[in-house]
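Colleague: Before I ask anything, let me first share the structure, which is written out below as structure tokens.
2 protein chains.
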Amino acid sequence: MFNINLTLSLSAFPKTRPEQLFLMVNKLQHSSNCADCNCKASIFKALSAFELELINSSRFQVSYKAGEIIFKQGTPSPYFVCVTSGLAKIYIEGYGKNLILSLIKPVDYIFGPGIYVDNRHYYSAAAVEDCTACLVDVSVFKNLIRENPDFAEEFIKRVSLQSIFNFDQVISLTQKQMHGRIADVIFYLSDKIYCQNPFEMTISRQDLADLSGMSKESAIRILKEFKEEGILTIAGNIMEVLNPKQLRQISETG
Amino acid sequence: MFNINLTLSLSAFPKTRPEQLFLMVNKLQHSSNCADCNCKASIFKALSAFELELINSSRFQVSYKAGEIIFKQGTPSPYFVCVTSGLAKIYIEGYGKNLILSLIKPVDYIFGPGIYVDNRHYYSAAAVEDCTACLVDVSVFKNLIRENPDFAEEFIKRVSLQSIFNFDQVISLTQKQMHGRIADVIFYLSDKIYCQNPFEMTISRQDLADLSGMSKESAIRILKEFKEEGILTIAGNIMEVLNPKQLRQISETG
DNA sequence: TACGCTGAATGATATATATCAACATGTCAT
DNA sequence: ATGACATGTTGATATATATCATTCAGCGTA
Numbered sequence: 038m039f040n041i042n043l044t045l046s047l048s049a050f051p052k053t054r055p056e057q058l059f060l061m062v063n064k065l066q067h068s069s070n071c072a073d074c075n076c077k078a079s080i081f082k083a084l085s086a087f088e089l090e091l092i093n094s095s096r097f098q099v100s101y102k103a104g105e106i107i108f109k110q111g112t113p114s115p116y117f118v119c120v121t122s123g124l125a126k127i128y129i130e131g132y133g134k135n136l137i138l139s140l141i142k143p144v145d146y147i148f149g150p151g152i153y154v155d156n157r158h159y160y161s162a163a164a165v166e167d168c169t170a171c172l173v174d175v176s177v178f179k180n181l182i183r184e185n186p187d188f189a190e191e192f193i194k195r196v197s198l199q200s201i202f203n204f205d206q207v208i209s210l211t212q213k214q215m216h217g218r219i220a221d222v223i224f225y226l227s228d229k230i231y232c233q234n235p236f237e238m239t240i241s242r243q244d245l246a247d248l249s250g251m252s253k254e255s256a257i258r259i260l261k262e263f264k265e266e267g268i269l270t271i272a273g274n275i276m277e278v279l280n281p282k283q284l285r286q287i288s289e290t291g
Numbered sequence: 038m039f040n041i042n043l044t045l046s047l048s049a050f051p052k053t054r055p056e057q058l059f060l061m062v063n064k065l066q067h068s069s070n071c072a073d074c075n076c077k078a079s080i081f082k083a084l085s086a087f088e089l090e091l092i093n094s095s096r097f098q099v100s101y102k103a104g105e106i107i108f109k110q111g112t113p114s115p116y117f118v119c120v121t122s123g124l125a126k127i128y129i130e131g132y133g134k135n136l137i138l139s140l141i142k143p144v145d146y147i148f149g150p151g152i153y154v155d156n157r158h159y160y161s162a163a164a165v166e167d168c169t170a171c172l173v174d175v176s177v178f179k180n181l182i183r184e185n186p187d188f189a190e191e192f193i194k195r196v197s198l199q200s201i202f203n204f205d206q207v208i209s210l211t212q213k214q215m216h217g218r219i220a221d222v223i224f225y226l227s228d229k230i231y232c233q234n235p236f237e238m239t240i241s242r243q244d245l246a247d248l249s250g251m252s253k254e255s256a257i258r259i260l261k262e263f264k265e266e267g268i269l270t271i272a273g274n275i276m277e278v279l280n281p282k283q284l285r286q287i288s289e290t291g
């Protein structure tokens with residue numbers, strides 16, 4: 038079922054050569070401090086000052102330009118990634134198409150299931166907007182999980198929430214038709230990602246399609262229909278949901 | 038995106054009334070011993086004899102007839118379920134249709150993401166064949182995770198493997214067309230569930246459809262095509278894959 | 001300004017898939 | 001054996017969706 042198509046996928050992003058990543062890694066380090074930063078990062082609240090300092094001292098900061106790849110599905114996974122600014126996406130490279138699992142905004146982490154299995158990434162991550170991120174050595178993280186049960190529970194809780202989110206997503210993708218799926222994605226964007234109503238769509242139409250599991254053309258057509266029905270407006274990159282009630286209705290009737 | 042449709046779903050299984058479950062729970066208790074049984078249950082290998090006895094003393098055994106519901110999506114989740122004989126399915130009740138996430142055979146566990154979130158089930162479970170299962174109080178389980186880091190790691194590893202499996206499944210469901218999806222399910226059945234090549238299909242055609250995210254009629258039609266092309270045979274409930282290579286090909290070309 | 005490039009939009013067409021309806025088969029209790 | 005009921009099978013049809021081709025708009029660069 039699952040095939041790592043490294044060669045194929047590398048060529049899909051010809052702009053970012055591996056060396057560039059390492060250059061960026063060395064560019065800026067330790068520019069701020071975990072103890073200050075973690076206020077929004079819920080799972081870190083279970084850590085003591087000493088433990089936070091452990092993470093802080095082993096971390097380094099990286100910046101990515103929009104479109105650049107953060108890591109590739111199939112590659113080793115030595116770091117735990119925490120996005121501190123900008124917007125990133127994590128996506129599975131499937132059979133010709135990509136499926137975006139979720140968008141990652143500050144302060145959120147990217148940790149894949151591979152960390153505890155074979156230390157490989159099971160999905161790719163890329164910057165959608167210009168991003169900064171902190172990388173922390175996975176082994177530091179794993180040690181904390183072994184030594185601090187509260188932190189372990191927070192971690193498991195986090196993984197569980199992600200899993201629940203994925204369930205919703207699978208049902209949306211497999212049992213709703215296009216209108217309902219686009220409605221779901223629009224709610225996801227306005228409620229969970231941009232968190233405001235007239236919001237700037239910083240993702241492309243292709244990303245919108247990859248989030249809702251359909252072709253770019255279909256996604257565009259449905260946006261147009263929603264516009265014509267007065268459910269939303271799009272001016273440039275600014276989208277506003279005018280009739281959330283009707284949109285909810287569309288989401289629920291599939 | 039996510040709606041718990043309890044009323045709708047109860048009526049979908051008119052045969053099993055809630056009282057029946059409790060009657061069965063009281064029928065047989067402590068018929069065997071975790072220390073003997075756990076040989077196949079990998080995550081328990083991290084537990085000491087004392088810890089196993091903790092689980093053993095708080096567990097009780099239940100049996101379910103084929104078709105009976107083990108628990109319902111949306112209900113509280115006080116127990117951790119370990120299937121000790123027979124075959125069960127876990128499935129999400131979506132918009133009209135069900136999606137089977139996986140089949141559970143001995144010795145495997147059913148633990149949902151709700152345990153660490155809101156103590157609710159996020160999917161339903163039902164017996165496909167007659168089943169016996171052990172129920173263990175979730176709090177006993179959670180305590181062991183707090184106190185035994187090895188066990189915690191095994192648990193996280195387990196959850197991770199399940200997550201990886203789900204990724205494959207999502208890609209199959211959203212990016213392959215029907216032939217590829219049915220091929221994937223047939224491999225799943227022969228390699229992971231029944232583990233033999235001429236195998237008895239104890240699941241119904243509807244279950245096959247719910248595993249591959251399509252209508253029952255479409256699933257049947259594709260089985261017929263596979264028969265006509267000599268890829269497999271079906272006699273009664275016995276299915277045999279004759280040309281696994283070609284089936285693999287179909288799986289991979291989507 | 002003109003050029004070329006990339007992402008977005010639109011229309012025409014092909015096709016995968018669900019739905020509906022009818023029919024067959026098996027199974028169980030009477 | 002008989003009927004009733006669930007499950008499986010098949011065919012005809014409708015429809016959701018992808019694909020292909022084309023045009024358009026914005027944007028940086030020569």
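Protein chains in written order, with this note's numbering: chain L, 38 to 291; chain U, 38 to 291. C-beta atoms are modelled at their ideal positions from N, C-alpha and C, and glycine is treated no differently.
Where does residue 191 of chain U land, buried or exposed, given buried means 16+ other C-beta within 10 angstroms?
Modeller: Here residue 191 of chain U is taken as the residue at index 154 of the second sequence, counted from 1. Residue 191 of chain U is buried by the Cβ-count criterion.
Colleague: Reducing DSSP to helix, strand and coil, say where residue 237 of chain L ends up.
Modeller: In the first sequence, counting from the first residue as 1, residue 237 of chain L sits at position 200. Reduced to three states, the DSSP call for residue 237 of chain L is strand.
Colleague: Could you name the residues of the stretch 198-218 of chain U whose beta carbon sits closer than 7 Å to any beta carbon of chain L, in the order they occur along the chain?
Modeller: Answer set for the stretch 198-218 of chain U: 198, 200, 201, 203, 204, 205, 207, 208, 209, 210, 211, 212, 213.
Colleague: Under 8 Å, do residue 164 of chain U and residue 101 of chain U count as touching if we go by C-beta distance?
Modeller: Counting from one through the second sequence, the residue named residue 164 of chain U turns up at place 127. Counting from one through the second sequence, the residue named residue 101 of chain U turns up at place 64. Against a cut-off of 8 Å, the Cβ pair of residue 101 of chain U and residue 164 of chain U comes out as a contact.
Colleague: Against residue 183 of chain L, what residues of chain U qualify as contacts under a CB-to-CB distance less than 8 Å, listed in chain order?
Modeller: To locate residue 183 of chain L, count along the first sequence from 1; it is residue 146. Here the neighbours are 186, 189, 190.
Colleague: How would you write the range of the alpha helix (DSSP H) that residue 265 of chain U sits in, first residue to last?
Modeller: By 1-based counting over the second sequence, the position of residue 265 of chain U is 228. Residue 265 of chain U -> alpha helix (DSSP H) spans 253-265.
Colleague: Can you grab the Cα-Cα spacing for the pair residue 283 of chain L / residue 234 of chain U, in whole Å?
Modeller: Numbered from its first residue, the first sequence carries residue 283 of chain L at position 246. Numbered from its first residue, the second sequence carries residue 234 of chain U at position 197. The alpha-carbon atoms of residue 283 of chain L and residue 234 of chain U are separated by roughly 51 Å.
Colleague: Buried or exposed for residue 221 of chain L, please, with buried defined as at least 16 other CB atoms from any protein chain shown within 10 angstroms of its CB.
Modeller: Along the first sequence, read from residue 1 onward, the residue named residue 221 of chain L stands at position 184. It is buried - the Cβ of residue 221 of chain L has at least 16 other Cβ atoms within 10 Å.
Colleague: May I have the straight-line CA-CA distance separating residue 149 of chain U from residue 162 of chain L, to the nearest angstrom?
Modeller: Residue numbering aside, residue 149 of chain U sits at position 112 when the second sequence is read from its first letter. Residue numbering aside, residue 162 of chain L sits at position 125 when the first sequence is read from its first letter. C-alpha separation (whole angstroms): 26 Å.
Colleague: With a threshold of 8 Å, are at least 3 pairs of Cβ atoms found where one atom belongs to the stretch 167-181 of chain U and the other to the stretch 89-100 of chain U?
Modeller: The stretch 167-181 of chain U vs the stretch 89-100 of chain U: in contact.
Colleague: Nearest by alpha-carbon distance to residue 287 of chain U: which of U/176, U/245, U/252, U/219 is it?
Modeller: Within the second sequence, residue 287 of chain U is the residue found at index 250, counting from 1. If we check each option's Cα against that of residue 287 of chain U, U/219 comes out closest.
Colleague: Is there at least one Cβ from chain U nearer than 8 Å to residue 196 of chain L's Cβ?
Modeller: Along the first sequence, one-based indexing puts residue 196 of chain L at 159. Yes, residue 196 of chain L counts as interfacial toward chain U.
Colleague: List, in chain order, every chain L residue whose beta-carbon is nearer than 7 Å to that of residue 150 of chain U.
Modeller: One-based indexing of the second sequence puts residue 150 of chain U at position 113. Within 7 Å Cβ-Cβ: 197, 200, 201.
Colleague: Can you tell me whether residue 123 of chain L is buried or exposed? The criterion is at least 16 other CB atoms within 10 Å of its CB, across all chains shown.
Modeller: Locating residue 123 of chain L in the first sequence gives position 86, counting from the first residue. Buried, because 16 or more other Cβ atoms sit within 10 Å of the Cβ of residue 123 of chain L.
Colleague: Beta-carbon of residue 134 of chain L versus every beta-carbon of chain U: anything under 8 Å?
Modeller: Position 97 of the first sequence, counted from the start, is the residue given in the question as residue 134 of chain L. By this cut-off, residue 134 of chain L is an interface position.
Colleague: Where residue 114 of chain L and residue 188 of chain L are concerned, what is the direct C-alpha to C-alpha distance, given to the nearest angstrom?
Modeller: Position 77 of the first sequence, counted from the first residue, corresponds to residue 114 of chain L. Position 151 of the first sequence, counted from the first residue, corresponds to residue 188 of chain L. If I take the Cα positions, the gap works out to 21 Å.
Colleague: Report the rounded CA-to-CA distance for residue 232 of chain U versus residue 271 of chain U, giving the unit in angstroms.
Modeller: Sequence index remark: in the second sequence, residue 232 of chain U carries index 195 (1-based). Sequence index remark: in the second sequence, residue 271 of chain U carries index 234 (1-based). Taking the straight line joining both Cα atoms gives about 17 Å.
Colleague: Does the Cβ of residue 65 of chain U have 16 or more other Cβ atoms within 10 Å, making it buried, or fewer, making it exposed?
Modeller: Taking the first residue of the second sequence as position 1, residue 65 of chain U is located at position 28. Note that residue 65 of chain U has pLDDT 44, beneath the 50 cutoff, so the model's placement of it is unreliable and no number is given.
Colleague: Strictly below 7 Å CB to CB, what residues from chain L border residue 154 of chain U?
Modeller: As a working note, residue 154 of chain U is residue 117 in the second sequence. The contacting residues are 194, 197, 198, 201.
Colleague: Which value, in whole angstroms, describes the spacing of the CA atoms of residue 117 of chain L and residue 267 of chain U?
Modeller: Counting from 1 along the first sequence, the entry for residue 117 of chain L is found at position 80. Counting from 1 along the second sequence, the entry for residue 267 of chain U is found at position 230. In a straight line, the C-alpha of residue 117 of chain L is about 48 Å away from that of residue 267 of chain U.
Colleague: Would you say residue 111 of chain L lies against chain U (beta-carbon separation less than 8 Å)?
Modeller: For the purposes of this step, residue 111 of chain L is taken as the residue at position 74 of the first sequence. No, because no Cβ of chain U sits closer than 8 Å to the Cβ of residue 111 of chain L.
Colleague: So, residue 71 of chain L versus residue 121 of chain L, is the Cβ gap smaller than 8 Å?
Modeller: One-based indexing of the first sequence puts residue 71 of chain L at position 34. One-based indexing of the first sequence puts residue 121 of chain L at position 84. No, Cβ-Cβ distance for residue 71 of chain L and residue 121 of chain L is not below 8 Å.
Colleague: What residues are listed by DSSP as bridge partners for residue 69 of chain U?
Modeller: One-based indexing of the second sequence puts residue 69 of chain U at position 32. None, per the DSSP bridge assignment.
Colleague: Of all the CB atoms in chain U, is at least one closer than 8 Å to the CB of residue 129 of chain L?
Modeller: Here residue 129 of chain L refers to the residue found at position 92 of the first sequence. With 8 Å as the cut-off, residue 129 of chain L counts as an interface residue toward chain U.
Colleague: Provide the residue(s) that pair with residue 97 of chain L in DSSP beta bridges, ordered along the chain.
Modeller: Stepping through the first sequence from its first residue, residue 97 of chain L is reached at position 60. Paired residue(s): L/172.
Colleague: Mind checking if residue 123 of chain L is an interface residue toward chain U, Cβ cutoff 8 Å exclusive?
Modeller: Against the first sequence, residue 123 of chain L aligns to sequence position 86. Not an interface residue.
Colleague: Where do the ends of the alpha helix (DSSP H) carrying residue 200 of chain L lie?
Modeller: Within the first sequence, residue 200 of chain L is the residue found at index 163, counting from 1. Note, residue 200 of chain L: alpha helix (DSSP H), 186-212.
Colleague: Would a check of beta-carbon distances place residue 159 of chain L closer than 8 Å to chain U?
Modeller: Here residue 159 of chain L corresponds to residue number 122 of the first sequence, with the count starting at 1. Yes - at least one Cβ of chain U is within 8 Å of the one on residue 159 of chain L.
Colleague: Run through the DSSP bridge pairs and tell me what residue 215 of chain U is partnered with.
Modeller: Along the second sequence, one-based indexing puts residue 215 of chain U at 178. According to DSSP, which records beta bridges pairwise, residue 215 of chain U is partnered with nothing at all.
Colleague: At what residues does the beta strand (DSSP E) containing residue 271 of chain L begin and finish?
Modeller: Counted from its first residue, the first sequence places residue 271 of chain L at position 234. Residue 271 of chain L -> beta strand (DSSP E) spans 269-272.
Colleague: Taking 8 Å as the threshold (beta carbon to beta carbon), is residue 291 of chain U in contact with chain L?
Modeller: Counting from 1 along the second sequence, the entry for residue 291 of chain U is found at position 254. Residue 291 of chain U counts as touching chain L.
Colleague: Can you grab the Cα-Cα spacing for the pair residue 262 of chain U / residue 158 of chain U, in whole Å?
Modeller: If you number the second sequence from 1, residue 262 of chain U lands on position 225. If you number the second sequence from 1, residue 158 of chain U lands on position 121. Going by the C-alpha atoms only, they are around 38 Å apart.
Colleague: Indicate the three-state DSSP secondary structure (helix, strand or coil) for residue 278 of chain L in the structure shown.
Modeller: By 1-based counting over the first sequence, the position of residue 278 of chain L is 241. Looking at residue 278 of chain L - three-state DSSP - the assignment turns out to be strand.
Colleague: Given 8 Å as the limit, is there contact between the stretch 240-248 of chain L and the stretch 192-200 of chain L, that is, 3 or more CB pairs closer than that?
Modeller: Too few Cβ pairs lie closer than 8 Å, so no.
Colleague: Could you check how far apart the C-beta atoms of residue 215 of chain L and residue 255 of chain L are, in whole angstroms? I think they sit under 8 Å.
Modeller: Counting from one through the first sequence, the residue named residue 215 of chain L turns up at place 178. Counting from one through the first sequence, the residue named residue 255 of chain L turns up at place 218. Residue 215 of chain L to residue 255 of chain L, Cβ: 6 Å. Contact.
Colleague: Here's the rule I'm using: 16 or more other beta-carbon atoms within 10 Å means buried, otherwise exposed. How should residue 59 of chain U be labelled?
Modeller: One-based indexing of the second sequence puts residue 59 of chain U at position 22. Since pLDDT at residue 59 of chain U reaches only 42, below the 50 mark, its modelled position is unreliable, and the value read off the structure follows with that caveat. Exposed: under 16 other Cβ atoms inside 10 Å.
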